[in-house]
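Residue numbers (the working numbering): 40 to 83.
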């Protein structure tokens, strides 16, 4: 799988584990308005 993304290209489908243990995939939100926030934390 390529990790190269271009500005304006669709986000690749991915899934993450929610706090309650459910798997939530980006595809579940296709066609709906949504915001994905991604925070990078620096570890020292």
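The C-beta atom is built at its ideal place from N, Cα and C for all residues, glycine as well. These figures come from a predicted structure and were not determined experimentally.
Beta-carbon proximity of residue i to residue j, cut-off 9 Å
i	j	result
residue 52	residue 65	yes
residue 75	residue 57	no
Supposed close pair residue i, residue j - CB separation, criterion 8 Å
i	j	result
residue 54	residue 63	6 Å
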